[in-house]
Structure formats: C-alpha cells, structure tokens
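Here's the structure, in structure tokens; my notes come after.
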Amino acid sequence: MTAPLLALEDLRVRFGGVAAVDGASLTLEHGTFTGLIGPNGAGKTTLLRLIIGIVRADNGRIRLDGRDITKLAVSRRARLGLAMSHQIVRPFRSLSVLDNVALAAGRRRTRDPLLSLLHVKRSTERARARELLDLVGIGDAADAEPAKLPLGYLKRLEMARALALEPRLLLLDEPLAGLNHSEAHRLADTIAGIHQTGTTVLLIEHNLAEVMRVCRRLVVLDQGRVIAEGEPRAVMADPKVRAAYLGEAPHAAA
Amino acid sequence: MAYEITLLTIIGINLILALSLNLITGFCGQISLGHAAFYGTGAYCAAILTKAGLPFPPALLAGGVVAGLLGLIVGLTSLRVREDFLAITTMGVGFLFLGFVRKQSWLGGELGVSGIPAPGLSDLGYMVLAIGIAAAVALFSLYVRRSWMGFAFDAVADDEDTARVIGIGVAGYKLTAFALGTALAGIAGGLYAHYARIIVPDTFGFTLSVTILAMVVVGGIGSTWGVIVATVLLSLMPELFRFVNDYKLLLFGGLLLLTMRFSPGGLAGLTRETWHRLRRNQGRNREQVDDGTAARS
Ligand SMILES: Nc1ncnc2c1ncn2[C@@H]1O[C@H](COP(=O)(O)OP(=O)(O)OP(=O)(O)O)[C@@H](O)[C@H]1O
Ligand SMILES: [Mg+2]
Chain A
528 MTAPLLALED LRVRFGGVAA VDGASLTLEH GTFTGLIGPN GAGKTTLLRL IIGIVRADNG
588 RIRLDGRDIT KLAVSRRARL GLAMSHQIVR PFRSLSVLDN VALAAGRRRT RDPLLSLLHV
648 KRSTERARAR ELLDLVGIGD AADAEPAKLP LGYLKRLEMA RALALEPRLL LLDEPLAGLN
708 HSEAHRLADT IAGIHQTGTT VLLIEHNLAE VMRVCRRLVV LDQGRVIAEG EPRAVMADPK
768 VRAAYLGEAP HAAA
Chain B
1132 MAYEITLLTI IGINLILALS LNLITGFCGQ ISLGHAAFYG TGAYCAAILT KAGLPFPPAL
1192 LAGGVVAGLL GLIVGLTSLR VREDFLAITT MGVGFLFLGF VRKQSWLGGE LGVSGIPAPG
1252 LSDLGYMVLA IGIAAAVALF SLYVRRSWMG FAFDAVADDE DTARVIGIGV AGYKLTAFAL
1312 GTALAGIAGG LYAHYARIIV PDTFGFTLSV TILAMVVVGG IGSTWGVIVA TVLLSLMPEL
1372 FRFVNDYKLL LFGGLLLLTM RFSPGGLAGL TRETWHRLRR NQGRNREQVD DGTAARS
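Top to bottom, those sequences are chains A and B. In short: position in the first sequence from 1, add 527, done, that's the working numbering. In short: position in the second sequence from 1, add 1131, done, that's the working numbering.
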C-alpha cells in the first residue's frame, strides 16, 4: 500500500484567541482534484499556509508521501514538489511579470546560493515562463510591471509562478477571484487540464459553479475543521453543509 | 601630484567599502548600520599580521577572511530578526566592536596600532592597487547583479516569504551576501591600514557606518553605477569643504534621511526618471501626441 500524497493529521493553529484551524484532518491521494470550500473565515487559507509551511502548526502532523514534513522549511517543501498561489497576491514588485515566473522556473539554478553565481543565462527559463503566461492567458502582460496590473492578471500570475515549479501538489487559493465569467470558465478549464497531466490539485474557490464543474471531490471546512467530504453533489446536499452556509449566500453560485 | 594620489587611494578604498555594503543592503535588502566594524576587523587583522612579519598580500587576504567570518556570524543573527530590528542589531555590532578593541592592550587599546609596515609599493603603485581592486569589485558587482544569484537576491529583498514559496533558501542567500560583503569590507580595511600606517579605534565608529550607508543610499540602493558616483562625490566633500570633517555624522546622516524621504531611488533613480521624462517630452514635441502610457521600465 502506498502512502497518500498528502496527509494532514489533527492540525491546529491559534491566532491570539482565534482558533483558525481547529483539528483539521485531510488526505489527498495521488492524482486527485479536490475542491476546498467553506464560509469566509473558515480557515481555508490558513490550512493552505500550513501545508506550504508559512504558518506553523501548534499541533498535528503533515505528511508528504508518508514523510513527516511538519517541521520542514518552506523552501525545502517547495523543492519537494509543493507549490501555492496566494489569495492575497504577492508578486515580486521589483521584477517584471515574466521574470516573476522565470525565477520560479529556475529553481534548480537558485537551489544553491554559491552555484547560482555561476549562471547568467535566463533564456530557457524565460521561454518556459512565456509558455506558462500564455497558458493562464496573460501572455500580453509579460513585460509589464506587476504594480500596474489589475487583480485578475495578478491572480493568474500567482498561478503561472506556482506552475513554473512543476509541482506534484498544486495549492490554489481563489485563483478565479477578479476574473469575469468567461475568464473564470477558461481558467478553470486550464486548471482541469493541468490536473489531467498528472498534477494533484487542491483548489480553494468561492465560485461554486466552477468548483462543482471541475472538481471530482469536495471538502468543506467550517470553523477550522472538516465538516463534510466526498462526491461534490452529495456533499452539497448534506444538511451540515447547508447549515454552515446559512445566512451567507455562496458567492457567484450561478 | 602627491595630493591627488592620496585622494584617489582614499576614493578607491571607499569604493570597495561602499560596493561591499551595496552587496548586502542594495542587492540582498539587508540593512546594516555597523559596516565599519568589518572594515575595522580587516584593518586590525592585516596590521597585526604584517607587524608580526607576514607579507602584505596574505595579510590583506586574511583580514578579508576574518571579517567575512565575523560577517557570517552577524548574518546568522540577521536570520532571527525582522528588518527594522536588523538596523539596531548591526548598530550594536558596531558599538561592540569599538568597545572590544578599545579594551584590548594587544590591539593597542585607545591608541590603536602604529608602526604598521609599509606595503612595499610606491604611493602611485598603492593607488593603482586600491583603484584596481575597486574596479574588480565593481565588475564583480555588475556580474552578480546579472547572475542567478542577483536574480534570487531581488526576490529576497522584495518579499522573503514568497521567495521561500518558490524554493529559494532565503537564509543561504542572506548569509552569502553578508559573508561576501563583509569580507570585501575587510579587504578595504587592510588596504586602509597599510596606507595610513597607523589605525585608531575611533576611525571605525558609527560615523563611518553612517557615511558608508549614505554612499549606498544616495547613489541608489542596488545600483552599482549610482553607488560609484555617490562614493566619489561624498569622498570629495570633506576634501573640498574642510568644515565637513567636523559635521560628518550630521551631514551624511542628513543626506541619508533626505534621500530616503524624497528620492528613495537615489541618484540612479533620479537619473532614470529624468531620462524618461526627457524622452517623453521629446516624443511629445516631435509627434505632438500625448503619450500617457510611457512606462517607467
Ligand atoms: N495572520 C493572522 N493573524 C490573526 N488572525 C488570522 C490570521 N490569519 C487568519 N486569521 C483568522 O483566522 C480565521 C481563518 O482565516 P482564513 O483566512 O484561513 O479563512 P478563509 O477560510 O481563507 O476565509 P476567506 O474565505 O475569507 O478567504 C479568521 O478568523 C481570520 O481572521
Ligand atoms: Mg482565504
């Protein structure tokens, strides 16, 4: 029996008095495409930040391929095949859009600080970056400064940069936010296409219509814990899930 | 002629010093208010070694190595603190260095080290050596900027957390910047010691740290050419206006703050902006069209 790609065991994180993640457990099998939904403040983003390592767990374990990575540095996790796109966009403002992606594509060149001094040429990585910008539909902004771009572009830049790492597990935090209906549709298709090539995907998204359309499995987080998971339609029919969303209409449920 | 040679030697040494800090602060984004300590470490180390009979070249190198090792240790502490606190930490390192050196009788205490052997070069030869090393450091800086190391430094200076997320070992890059920058400062120190032939602790104080930082910031953080221009200008100031010597901290500290407040890009940033404005105006005059999209690249 092989270990699942990712296993979260009883994760807990408190920020002051707030229990942002409160005993969350979750398993992602190799090659799966999972949607992660939940009301605002449910702890979805925090859970992703735990997986990538920006936030440290107060309790619990994170395993990648059975290996305990709970205490591993963020950059080491990235090199093990984890990549994430931020909900709050964080482009490198001193770099062009193209170089934001090229730098990630050159992760083998930047792996060792001293060896990084031996390489100057960026053309291979820039060519790869251009492909990825085209893939997510912002190839026209390759030479722009990130500071001058609208949110929809920066969201897709986040995704292109994550893809440049050629991850085994792609963590996406609301990549469709800031896109119009047809752009969102197209990008959701792109994500589904990336999944088809063998990448395991965990997608946080408030756009339920697109989530229901592309995800094979749905996980619902509420108040820091998983309250339902399984086949998307069955999950959405679950009374617990309906209750969690009560008084808070799901965004853009077309 | 002797005066010009002296001046050029000092400028060469200052260039090495400012460019070395530019590696740490300009390229990698790590502020340092204690750079004079590493300059001092190199100066004392090289001076003690040549006085003990070691030839000048290996002594100079040893000063660089010892300063670089010290820089590595300070760099390790930089991993633990946030940006704003790093300024205070490095300032503390500067004061610690002075406090330590002043109390060591084997380093001459308050009187410093005198009778440092001549390096075995004519004044002109020594000037060529200083300018030559400065030129090499400048070329090295330009190269680093273009390499993948410089690329990664950009990311570290910009947003450490995000740099980590794309697999960049931030700690390793910071330590590399500190080690390289402080080692070069140590070399500058050794050059200074064998030019002055006498060194006293006060030379390596807070005023000098602020002066070096002013050279980097006024020139334009991260811009090798900007830092070169600013270093030459600020090195000439005390020569042209004698009173500057009495008000160094006030003047250079003031310049530093004014630049950060009104022109964070320094001379390099100003030049770039002016250039773009000129070109935009020219384009407008020629074609009589309003070019509102001219981008600052
Ligand atoms: N760095 C932080 N410091 C303090 N509190 C935080 C921090 N990050 C998150 N929180 C709190 O933790 C809880 C969970 O936040 P999180 O951002 O993970 O929710 P979310 O499910 O991603 O919400 P949204 O759908 O709005 O993005 C919220 O109550 C939030 O205010
Ligand atoms: Mg969120």
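We put the beta carbon where it would ideally sit given N, CA and C, even for glycine.
- Closest in alpha carbon position to B:S1272, among B:M1132, B:A1149, B:E1404 and B:E1135, is B:A1149.
- Rounded to whole angstroms, the gap between the alpha carbons of A:G633 and A:E652 is 6 Å.
- Distances between the C-beta of A:T573 and the heavy atoms of ligand 1 include at least one below 7 Å.
- DSSP places B:T1137 in the uninterrupted alpha helix (DSSP H) bounded by A1133 to L1152.
- At a C-beta separation below 8 Å, B:R1277 has these neighbours in chain A: V647.
- Against chain A, a Cβ distance below 7 Å from B:I1329 picks out nothing, because the smallest value is about 37 Å.
- Uninterrupted beta strand (DSSP E) stretches at least 3 residues long and entirely within the segment 682-751 of chain A occur at 696-700, 727-731 and 744-749, given in chain order.
- Residue contact with chain B for A:R606: present (Cβ-Cβ distance below 8 Å to some residue of chain B).
- In the structure shown, B:I1262 adopts helical secondary structure according to DSSP, grouped into three states.
- In terms of beta-carbon proximity, B:M1132 stays away from the interface with chain A, with every pair separated by 8 Å or more.
- Within the segment 583-634 of chain A, the beta strand (DSSP E) runs of at least 3 residues that lie entirely inside it are, in chain order, 586-591 and 609-612.
- At the C-beta level, A:M686 and A:L698 stay beyond 8 Å of one another.
- For B:R1211, not one C-beta of chain A is nearer than 8 Å to its own C-beta.
- Listed as beta-bridge partners of A:L660 by DSSP are no residues whatsoever.
- Two segments are said to touch when three or more pairs of C-beta atoms, one from each, lie closer than 8 Å; by this definition the segment 1329-1337 of chain B touches the segment 1168-1179 of chain B.
- For B:F1228, there is no enclosing beta strand (DSSP E); the residue is part of the alpha helix (DSSP H) that begins and ends at E1214 to K1234.
- At a threshold of 7 Å, A:N586 does not count as near ligand 1, since its beta carbon sits no closer than that to any of the ligand's heavy atoms.
- Judged by pairs of C-beta atoms under 8 Å, the segment 542-550 of chain A touches the segment 747-763 of chain A, as three or more such pairs exist.
- By the Cβ criterion, the segment 1287-1299 of chain B is not in contact with the segment 1197-1211 of chain B, since fewer than three pairs of Cβ atoms, one from each stretch, lie closer than 8 Å.
- Only residues of its own chain outside the window of five on either side were considered, and among them G1351 have a CB closer than 6 Å to the CB of B:G1396, listed in chain order.
- Around B:M1368, no beta-carbon contact reaches into chain A at under 7 Å, the shortest distance being about 30 Å.
- Taking a Cβ-Cβ threshold of 8 Å, the residues of chain B close to A:I581 are D1292, R1295 and V1296, in chain order.
- For A:D700, the shortest separation between its Cβ and any heavy atom of ligand 2 lies below 7 Å.
- Below 8 Å, too few C-beta pairs join the segment 653-660 of chain A and the segment 718-725 of chain A to call them touching: fewer than three.
- Taking 8 Å as the CB threshold, A:A631 lines the interface with chain B.
- According to the DSSP assignment, A:T554 belongs to the beta strand (DSSP E) that extends over V545 to L555.
- In this structure, the C-beta of A:F542 approaches ligand 1 to less than 7 Å from one of its heavy atoms.
- Within its own chain, the residues whose Cβ lies closer than 7 Å to the Cβ of B:R1233, once the five positions on either side in sequence are excluded, are G1240, E1241 and P1332, listed in chain order.
- Taking a beta-carbon distance threshold of 8 Å, A:M739 does not count as an interface residue toward chain B.
- For the segment 1191-1215 of chain B, the set of residues with a beta-carbon nearer than 9 Å to any beta-carbon of chain A is empty.
- The shortest C-alpha to C-alpha distance from B:G1195 to any of B:L1252, B:I1247 and B:G1317 is the one to B:G1317.
- Excluding five sequence positions before and after A:T573, the CB atoms of its chain that fall closer than 7 Å to its own CB belong to V540, A547, V548 and V582, given in chain order.
- Closer than 7 Å to some heavy atom of ligand 1: that does not describe the Cβ of A:N707.
- The Cβ atoms of B:A1177 and B:A1167 do not sit closer than 8 Å to each other.
- Counting along the chain, no alpha helix (DSSP H) covers A:T561; the unbroken beta strand (DSSP E) around it starts and ends at F560 to I564.
- Contact between A:A691 and A:L703 is absent: CB atoms are separated by about 20 Å, not below the 8 Å threshold.
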